[in-house]
Structure formats: structure tokens, C-alpha cells
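K.L.:
Before we start, here is the structure in question, set down as C-alpha cells.
Number of protein chains: 2
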Amino acid sequence: MLARTSRIENLLQDLGGVPVVTDPQRVRKRSRDFFWYSPVLNEELKDVSGEVLVEATSEAHVIATAAACARHGVPLTVRGGGTGNYGQCVPLEGGVVLDIMGMDKIEWHRADVVRAEPGIRLNKLDDTLRPNGWESRMHPSTKRTASLGGFIAGGSGGVGSVTWGGLVEPGNILAARIVTLEAEPRVIELRADAAQKINRAYGTTGIITALEMPLAPAYPWIDIIVAFDSVEAALKGGQAVAYADGIAKKLVTPIGWPLPSYFTPLKEAAPEGKSLLLCMIAQNSIEPFKDLVRRAGGTITHEKPTAEEPGSIPLYEYCWNHSTLQVLKSDRSYTYLQCLYPADRAIESALKMVDIFGDELMPHFEFIRFGGKMTFSGLPVVRYTTRERLWEIIAIHEDNGIMVANPHVVTLEDGSRHKRANADQFGFKGEVDPLGLLNPGKMRSFLRRSGPF
Amino acid sequence: MLARTSRIENLLQDLGGVPVVTDPQRVRKRSRDFFWYSPVLNEELKDVSGEVLVEATSEAHVIATAAACARHGVPLTVRGGGTGNYGQCVPLEGGVVLDIMGMDKIEWHRADVVRAEPGIRLNKLDDTLRPNGWESRMHPSTKRTASLGGFIAGGSGGVGSVTWGGLVEPGNILAARIVTLEAEPRVIELRADAAQKINRAYGTTGIITALEMPLAPAYPWIDIIVAFDSVEAALKGGQAVAYADGIAKKLVTPIGWPLPSYFTPLKEAAPEGKSLLLCMIAQNSIEPFKDLVRRAGGTITHEKPTAEEPGSIPLYEYCWNHSTLQVLKSDRSYTYLQCLYPADRAIESALKMVDIFGDELMPHFEFIRFGGKMTFSGLPVVRYTTRERLWEIIAIHEDNGIMVANPHVVTLEDGSRHKRANADQFGFKGEVDPLGLLNPGKMRSFLRRSGPF
Ligand SMILES: Cc1cc2nc3c(=O)[nH]c(=O)nc-3n(C[C@H](O)[C@H](O)[C@H](O)COP(=O)(O)OP(=O)(O)OC[C@H]3O[C@@H](n4cnc5c(N)ncnc54)[C@H](O)[C@@H]3O)c2cc1C
Ligand SMILES: Cc1cc2nc3c(=O)[nH]c(=O)nc-3n(C[C@H](O)[C@H](O)[C@H](O)COP(=O)(O)OP(=O)(O)OC[C@H]3O[C@@H](n4cnc5c(N)ncnc54)[C@H](O)[C@@H]3O)c2cc1C
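These protein sequence lines are chains A and B, in that order. Residue numbers 10 to 462, in my numbering, belong to the letters of the first sequence in order. Residue numbers 10 to 462, in my numbering, belong to the letters of the second sequence in order.
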């Protein structure tokens, strides 16, 4: 601990001109994210903290910090909005927490492409783009608090993935500029396929200082809820919508009763005992959408243009990881899983789990495109008893051909599964972080090289 | 024959104020379409003609004509651009040919929806919309000559269907206004599901006087050609592109050698012996597209922004039914088929046909979404010998699970197959055309009711 402290002292001397915070309370606060979603991770991470907080507002600050960390052998963990929910930005080995939220400028915007700094909040990005007719192709349900860089480095997809697939699909990240962690940091532009090297790498493969993203048309979106008699009917209604390629959509979310009973502000739209389908549909597709869900036996209980300004709750804040949050708000005895059901028997395998687990698990699905096929992922809310039982529930899912990206572990390898980028992130890490100082402990297969310190 | 002539005489007396043409040469010219694509249909239809041509410029003209036809028991066949290729607008029983190309106004345009009269040419429609950032979701390769109404009433999909599916998918036609064929014609608005009643009905279920269509973002599109060593490689490369949901696309067309040898103006881009992949890709997706096709073993031989103005040939005019046309220009001994390959073994079944038929068939495929799945249709160019052999080739395809929409017959029932709308067109016809005078002979299952004439 003393040794580390003197390392930090030396580091600070090198950081003249870079905004730093050393107050332990403030550093600790900025060392945490939503890992408490997982009772397992909560145990493991609740006492972890960085030692210094750097508040970068420019790429020059990032370069200076990276150089200093390399010279002094200090770990560096980047932090965006801090909404990751498996401790992605928790600095397991202490050191520097590099907050990049001050780097929030849009470099340029040309029709359907934008290039921005990583610290821009996703809602601010869209607010800027929408008047020109464009918006982000996809965003996490944390759009109103998360950063662009944190989404690319720590997320996987979300609202919009029913149309565009996840961040792993080629074309969904056009380019990234990164700073390497070396005594003389390099600035590298990664384009097209190469940009996948930083996708969901938890900041272990370079510090992102700019991202170039393809955009989608900014339709006027409508939040709409449809009630069904059973979770099976909601899944089938959802599939009819998801398969209807002529219906422009951003969100198709079947949610099994009793999960909707936790959505207090939506009480009116969530009749007792009914399973729901939560959707965002383009205004131009609302009429055919209604015909379709009615044919599938649904009843529309809510319809309102998506509103994201302060004071409103957009429907997507009941979807993706937010569904779990709605439960955790009132009952911390629950946790969740992240599943991907096989495209060719998605409904069948999902219903089998509903059958097996009964009320130990509240069903929640998200239709997404994956590898060119329409399927759904699932974020079932699980009643937590023991770690052993949780691992057993995962195993039963996997035995049934359902992939589980385990959200109760901190490493990329164990946690990401189907969310994993199709790129040699491991090999690339050796090039850009030869000392293994970037967010150490998250890329399990990469062992820190022992240096001269 | 005399009886008919007197019917027409009476009809003409009722058509005061409506522009009519009776010159037999001009009427005959406007009674034909591209049925000569099929040697079978060419035999059957080459001598057919209407008796009067009406050139409507308003819905009032349409109503007056419909009323007069009902009163005098005269068949009425609507004609748009006349580019149908199975005699859709050929008046099998003579009577009135109702040309609606003079009805070409845009009623209104709001963000992502347009409402227009049926006679507007599809290229004019897009030229008007694109400056506002929107365009038609899909169009036939005849965009520069075909009408909106003719596409909806006679077509099925085309450029854009790789993203949006065909016209049969819910949401791709928002509404249609039609005029019934009755002594006192009614004007009916068909919305959402109900609009499918006029989709690909060849004008047998009402005369369309307005269409409300959902739009797509007007990306800057790039025409791009990739050469592959084999048709199998072109299909697999095409599938990789089609499955990449992050790549915004409008056209993904694998074409097997020697078909490209007929594309004279593309000589430079069509190396001897190579199979091609012809694509339209959004500018924002070109980099990841290139990485993808290179990984699939392709070589880019052509790349140019899509240009549709007179004097240019957009790449889509080598695709869809235009591929066949490129061959027919120099060799009328060929004809074609329209196939749909099963989504789960599309490439396998396509290659089996390539194997079986050798050079009797030049392979041509079009990736499309169908019922929520990515698959491809095919328009193989077939060396024509006899009608019997053609029917045998169709049967062999069908035996292998490939659906064939036979383009060598004039009836909806026999010809449309997978292109058929999901609506009770037959029942609806009884309501809107009780006398069976709309394009008689095209809806086989509907027998004309014998009236008092
Ligand atoms: C309620 C809730 C809902 C959620 N919904 C979704 C969802 O729908 N989809 C989804 O994908 N995720 C979801 N998440 C997870 C998380 O919110 C998202 O991944 C989010 O985009 C993270 O953004 P952030 O700015 O908060 O990143 P942070 O949590 O700050 O960081 C995430 C990771 O990225 C790294 N990082 C951040 N910035 C950089 C940079 N500039 N360079 C290199 N590395 C960097 C961090 O080190 C960390 O490993 C949800 C989480 C919660 C709590
Ligand atoms: C080279 C070539 C390429 C082609 N490519 C495609 C393609 O990619 N996709 C595709 O789907 N088709 C294609 N086709 C077929 C045809 O071009 C299209 O269907 C086209 O859209 C027809 O439009 P049109 O205005 O020429 O209609 P027409 O040929 O004039 O009419 C087509 C049918 O619609 C009816 N009709 C026309 N207007 C009305 C109206 N207002 N009310 C009621 N009925 C009406 C007619 O009676 C007729 O039955 C192609 C044809 C050729 C020759």
C-alpha cells in the first residue's frame, strides 16, 4: 500500500495541467457502477476504489495521463457515465480512474454519420442530431445518463437493435480513435472491421478519444403497449411485429406477468394478470401495427409519442436492463440474467424456461436481430437465493441451447458470450497496452507483464 | 363483334368530357405490355387489343368511365406505365383501356409518408421526396418508366426489398383509395390491412385513385460491383452482406457467369468467367461493406454513386427483371422464371438447380426479406426450347422446395404464389366489381356474372 502510494505521488508530479481529484470520497464514488445489480458482484466489488481521479477534457489530457501511468506502472481505468452493470469501470487494482465525461464535443456531422468525443451523453447526441433528421441507430436504456464511449466500450446494443442488430454487427461502429497506454502513447485510428477491437472491451484495448457512428432516420416514434392473456401470446404477438419488415420499429419487448406489476407509473396500462408487449413504433407504421397485434389477440393499453425530456419517462426505461431496475427499486432480493435464445426455436425454448422455473423467474424478452436473423434476447428477473442456485439456473438455460452472458462476473471472457466482438482483442491488447495497465483484471486471458516497477 | 361495337358506341355517348382515343392503332399500342418476355404469353396475347382508350386526368374521369362501363357492360382494364411482364394490363376481353398516367399529383407529403395519385412515375416521386430526406422504400427496376399505381397493382417488390421485404409485408402500403365498378361507383378508402386488397390484384379489385405510402430515409446510395470466382462464392458473399444488419443496403444481387457477359456497358466491371455481386449500399456503410466482401473472397470492380438521371444507367437496371432484359436485347431465345428459395437452405437449393440445369439456366438471385427472414428470390434466365420443357423446369424447382411464381400465365392464381397478398381479394372483388368487368380473365376463380347485356 505504501509502495503504491509513492507510485501515485510520482504520477501526480507528472500530471501538471491535468485536472485531478485525490479526495478519497470523491474518487471512491467515481470508482463504482451498477454492479450491485448482482448480489455476487456486490460482495466482490463493494470495497474497491481507485486512488486518483482524472477529469480529462481533451485528448491531450488523456495522452498525458496514459504516458504517466506507463512510466509509473499505475493501472488506468476509464469511466464514462458509470452505468455499467457488471463493474466494467471498477478499478480492480486501484490506480487512476480516468473520467472522460468532459470530452463531449461533436467533431462533425454529415448527413447519416457523426463523429464525436466519447464523453457525450447519448441523449445529448440525439438531441443535436434529430433536428437534422437523424439519430443514433441504437442506444442502451440508459440513454439519458450513459456516454457514447461507455456504450461502445461497455455495452452491447439496446433500443434499435431490433432493426440494426447489436454493436457487434459489421457497420454499426464506423471508426474509433484510441490512445495507447505506453510511455509515448500513440494515437491510432481504427476503421471498419478494426473498430471492433474496442467494442465491449471494457477499455482494456485502448482509451477511446473519438467515435464515428452511422446514423438512422429520426422517425417520430410512438411508445405503445399491448396487453395479452399469456406470456406465450405476448411472445407470439411480439414475433409477428418483429417479423413484419414493413413496420419501422425500435423496441419490441414482451414482458410476462407479474413483472409489469412493478411498473408503478404504468399501472393504467398494465392490467392485472396480463403479459405486456412494450414497443416503439414509427408513426408511419402505427396503423398496420395495430391491425397486426389485434390479429394476434392483443389489446392496446397505452399510446403516446416517445418523450425523453426531464419529467417524462420514455417507455424504453421499462425495457432492457431498466425492467430489472424497476423491480430492484422496491425489492433487492431479485437479480437477473442476460440470455440469447436460438433463432430457430426461440419461443419454444423461452416457454420451456418459463415452465421450469415458475415464479423463480419473471420473463422479459427483447427482440433483436442477431447475425442476420430475428430472434430475441432475454433479461429474466430472477429471485436470488444462493450463488450456487444462480449458477444452476444458468446451466439449465445453457443445457437448453440458450446462451447466457453471465452478468455476475467481471471478466470479458466469462461475461460476454454472444455480445463478444468478432476481432482479436487479445492480440491487439498486446500492441496497445503492453504493460497490461488498462482496466486490469477484466481481460482474464491477458496476464500483466511484470515490468521494472 | 357488331354487338360489341354498339356497346362501345353507347359507352362513348356517356363519356362526354372524358378524354377518349378510338384510333385502333393507338388503342392497340396502349393494350400491350412486356408479356413478350414469355414466348408462351407472346403467342397468347400478341393479337389482343382494347377498343377504346380513356386518358383520365382526374378521379372524376375515372368515376364517369367506371359508371359508363357498368351501365353498358363493357370491360375496363387500367393501364399505368405498361411495364408489366405477364400481360397484367392486356385487356383479354377488349373494352376500355383506362390510362391513368395523367393522374400524377402528390396529394401531400409529411415527413416519412406520402400520398399521391397512381399515375405518378416512381422516379418523379423520388425526385420530389429526396430533397426532404426521404424516398420510396422500394421500387421495381423499372422505376424510370413505371407508375406508383402499376407497381402496387401489378408488381411485388424490388430494389429496397432486401431491407423492407415485399409489398405484401404489413406496413408497406398504408392506404389506397379506390373507385368501384358499378352504375353508381363508390369511392372507398382502404387502410392498413385492408389496403392489401388491391396489392398485386392486377386492377381486378377496384381502380386505385390514390395511394398512401411509407417512406425510407434517402441515404446517398453507392452502386458497387464485386467479382467472385464462382456463383457459390457470389451467393455466400451476398449472404454475408444481406445478413449484416449494420450495413444499410437497397440491393444485393448475385449473378452467375455467363449472365454478366450480356451486360455490355459494364464490360470493365465484369471480368471473363467471374460471377458478380451487384449492390446498392449506403455511403455510410461502404467501408464495412468492403471489409466484408474482401473477407468473402471478392474483388471490387466498380464503385460509383447511383445516378438515375437521363443518360446514366443506374446499377439496378441490370437487376431484378432488367437482368433478363439485358439478354433479350440481343437474344430472344431466352426467357426467365421467378423463384423463391427456402430461407433455411437457400444457397444449397440454388446451387442444386445450377448443377442440374447447367447452361440451360443462367443464375440470377435477389436477396430479399420475406416473412421476417432473409432469403433470396431468383430470376434465372432460361434457354427456351418448348413450353413442355419450361413447365418441367418449373416442376423440378418446385420438387426441390423452391416456389415458382410462373411468369408465363396471365392469372393471379397461377402466377403469383409467394407474391400473393394476404387478404380476401376474391371476396372483396364481389363487393367492388359485382359484374366482373375489371380486367376480366385475370382472377381465374372469379367468374363473370352474366348480366342483362
Ligand atoms: C438500468 C440500466 C440499463 C442498461 N441498459 C443497457 C442496454 O440497454 N444496453 C446495453 O448495452 N447496456 C445497458 N446497460 C449497461 C450500461 O448502461 C451501458 O453499457 C452503458 O452504455 C454504459 O455507458 P457508460 O457511459 O455509463 O459507461 P461506463 O459504465 O462508465 O463504462 C463502461 C465501460 O466502458 C469503458 N469505457 C468508458 N469510456 C471509455 C473510453 N472513452 N475509452 C475506453 N473505454 C471506456 C469503461 O472502462 C467500462 O469498462 C444498462 C445498465 C443499467 C444500469
Ligand atoms: C424490365 C422489367 C423490370 C421489372 N422489374 C420489376 C421489379 O423489380 N419488381 C416488380 O415488382 N416488378 C417488376 N417488373 C414488372 C413491372 O414493371 C412492375 O410491376 C411495374 O411496377 C408495373 O408498373 P406500371 O406502371 O408499368 O404498371 P402496368 O404494367 O401499367 O400495370 C400493372 C398492373 O397494374 C394494374 N394497374 C395499373 N394502374 C392501376 C390503378 N391505378 N388501379 C388499379 N390497377 C392498376 C394494371 O391493370 C395491371 O394489371 C418489371 C418489368 C420489366 C419489363
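Ideal Cβ placement from N, Cα and C applies to all residues, glycine included.
Any residues in the segment 164 to 196 of chain B with a beta carbon nearer than 9 Å to a beta carbon of chain A? Which ones, in chain order?
P.N.:
From the segment 164 to 196 of chain B, only Ser170, Thr172, Trp173, Gly174, Gly175, Leu176, Val177, Glu178, Pro179, Gly180, Asn181, Ile182, Leu183 and Ala184 have a Cβ closer than 9 Å to chain A.
K.L.:
Taking only heavy atoms of ligand 2 into account, decide whether any of them is closer than 8 Å to the Cβ of proline 323/B.
P.N.:
Checking the Cβ of proline 323/B against ligand 2 gives no.
K.L.:
By the three-class DSSP mapping on this structure, what secondary structure does arginine 16/B have?
P.N.:
DSSP places arginine 16/B in helix when its eight states are reduced to three.
K.L.:
Is valine 122/B closer than 9 Å to methionine 147/B when the C-beta atoms are compared?
P.N.:
No, they are not a contact pair.
K.L.:
Straight-line CA distance for glycine 158/B to valine 177/B?
P.N.:
Their Cα atoms are separated by approximately 15 Å.
K.L.:
Give the secondary structure of methionine 147/A by DSSP, where H, G and I count as helix, E and B as strand, and everything else as coil.
P.N.:
Note: methionine 147/A maps to coil in three-state DSSP.
K.L.:
At what residues does the alpha helix (DSSP H) containing histidine 70/B begin and finish?
P.N.:
From DSSP, the alpha helix (DSSP H) with histidine 70/B extends over 68 to 81.
K.L.:
Tell me whether aspartate 42/B, by its Cβ, gets closer than 8 Å to a heavy atom of ligand 2.
P.N.:
Aspartate 42/B: yes, Cβ under 8 Å from ligand 2.
K.L.:
Name, in chain order, the residues that DSSP records as bridge partners for proline 314/B.
P.N.:
According to DSSP, proline 314/B bridges with Ile231/B.
K.L.:
Within 10 Å of its beta-carbon, does lysine 338/B have 16 or more other beta-carbons around it, so buried, or fewer, so exposed?
P.N.:
With fewer than 16 other Cβ atoms within 10 Å, it is exposed.
K.L.:
Under 9 Å, Cβ to Cβ, is there at least one residue of chain B near alanine 236/A?
P.N.:
Not one chain B Cβ lies under 9 Å of alanine 236/A.
K.L.:
Does at least one heavy atom of ligand 1 sit under 8 Å from the Cβ of threonine 151/A?
P.N.:
Flag set: Cβ of threonine 151/A near ligand 1.
K.L.:
Less than 7 Å between C-beta atoms, sequence neighbours within five positions excluded: which residues of the same chain meet that for glycine 410/B?
P.N.:
Within the same chain, glycine 410/B has close Cβ partners Pro351 and Ser358.
K.L.:
Look up asparagine 448/B in the DSSP assignment and say whether it is helix, strand or coil.
P.N.:
Residue state, collapsed to three classes: coil.
K.L.:
Closer than 8 Å: is that where the CB of arginine 124/B sits relative to any heavy atom of ligand 1?
P.N.:
No - ligand 1 has no heavy atom lying nearer than 8 Å to the Cβ of arginine 124/B.
K.L.:
Compare the C-alpha of serine 294/A against each of Gly246/A, Leu101/A and Trp230/A and name the closest.
P.N.:
When only C-alpha atoms are compared, the closest one is Trp230/A.
K.L.:
When the Cα atoms are used, what is the spatial distance from glycine 163/A to asparagine 208/A?
P.N.:
C-alpha separation (whole angstroms): 7 Å.
K.L.:
If we count the other Cβ atoms within 10 Å of its Cβ and call it buried at 16 or more, is proline 461/A buried or exposed?
P.N.:
Here proline 461/A scores only 43 on pLDDT, less than 50, and its place in the model should not be relied on; the value that follows carries that caveat. With fewer than 16 other Cβ atoms within 10 Å, it is exposed.
K.L.:
Would you check if the segment 56 to 72 of chain B and the segment 182 to 194 of chain B touch, i.e. whether three or more CB-CB distances between them fall below 8 Å?
P.N.:
Cβ pair count under 8 Å is three or more, so yes.
K.L.:
Per DSSP, valine 106/B is paired with what?
P.N.:
Valine 106/B pairs with Leu62/B and Thr86/B.
K.L.:
Between the alpha carbons of alanine 53/B and tyrosine 46/B, how many angstroms are there, rounded?
P.N.:
One detail in the question is off: residue 53/B reads as glutamate in this sequence, not alanine. C-alpha separation (whole angstroms): 12 Å.
K.L.:
Who are the near neighbours of glycine 93/B in its chain, counting only those whose CB is closer than 6 Å to its CB and skipping five residues on each side?
P.N.:
Within the same chain, glycine 93/B has close Cβ partners Asp42 and Gly163.
K.L.:
Can you name, in chain order, every residue of its own chain whose Cβ lies under 6 Å from the Cβ of leucine 324/B, other than the five neighbours on each side?
P.N.:
Around leucine 324/B: Asp232 and Leu287.
K.L.:
Going by Cα to Cα distance, which pick from Leu260/B, Leu370/B and Arg304/B is closest to isoleucine 405/B?
P.N.:
Out of Leu260/B, Leu370/B and Arg304/B, Leu370/B has the C-alpha closest to the C-alpha of isoleucine 405/B.
K.L.:
Under the assumption that arginine 80/A contacts serine 58/A (Cβ atoms under 8 Å), give the Cβ distance between them as a whole number of angstroms.
P.N.:
Not confirmed; about 23 Å, so no contact.
K.L.:
Does the distance between the C-beta of serine 165/A and the nearest non-hydrogen atom of ligand 1 fall short of 8 Å?
P.N.:
Because some heavy atom of ligand 1 lies under 8 Å away, the Cβ of serine 165/A counts as near it: yes.
K.L.:
So does serine 67/B have its beta carbon nearer than 8 Å to some heavy atom of ligand 2?
P.N.:
No; taking the cut-off as 8 Å, the Cβ of serine 67/B has no heavy atom of ligand 2 nearer than that.
K.L.:
Roughly how many whole angstroms lie between the Cα atoms of methionine 10/A and lysine 382/A?
P.N.:
Here methionine 10/A scores only 43 on pLDDT, less than 50, and its place in the model is too uncertain to base an answer on.
K.L.:
Using a beta-carbon distance below 9 Å, is alanine 251/A in contact with chain B?
P.N.:
It does; some Cβ of chain B falls within 9 Å.
K.L.:
Scan the segment 337 to 371 of chain B for residues whose Cβ lies nearer than 7 Å to a Cβ of chain A and list them as they occur along the chain.
P.N.:
Within the segment 337 to 371 of chain B, no residue has a Cβ that lies closer than 7 Å to any Cβ of chain A.
K.L.:
When you compare only the Cα positions, how much space is there between proline 127/B and glutamate 241/B?
P.N.:
Answer to the nearest angstrom: the Cα atoms are 40 Å apart.
K.L.:
How about serine 145/B: is its C-beta nearer than 9 Å to some C-beta of chain A?
P.N.:
Judged by the 9 Å Cβ criterion, serine 145/B is not in contact with chain A.
K.L.:
Cβ closer than 7 Å: which chain A residues qualify as neighbours of leucine 301/B?
P.N.:
Result: Pro179.
K.L.:
Quick one: what does DSSP say phenylalanine 160/B is sitting in, helix, strand or coil?
P.N.:
Three-state result, phenylalanine 160/B: helix.
K.L.:
Looking at cysteine 288/A and ligand 1, is the gap between the Cβ and the nearest heavy atom below 8 Å?
P.N.:
Answer for cysteine 288/A: no, Cβ out of range of ligand 1.
K.L.:
Is the beta carbon of serine 156/B closer than 9 Å to that of isoleucine 129/B?
P.N.:
Their beta carbons are under 9 Å apart, which means isoleucine 129/B touches serine 156/B by this criterion.
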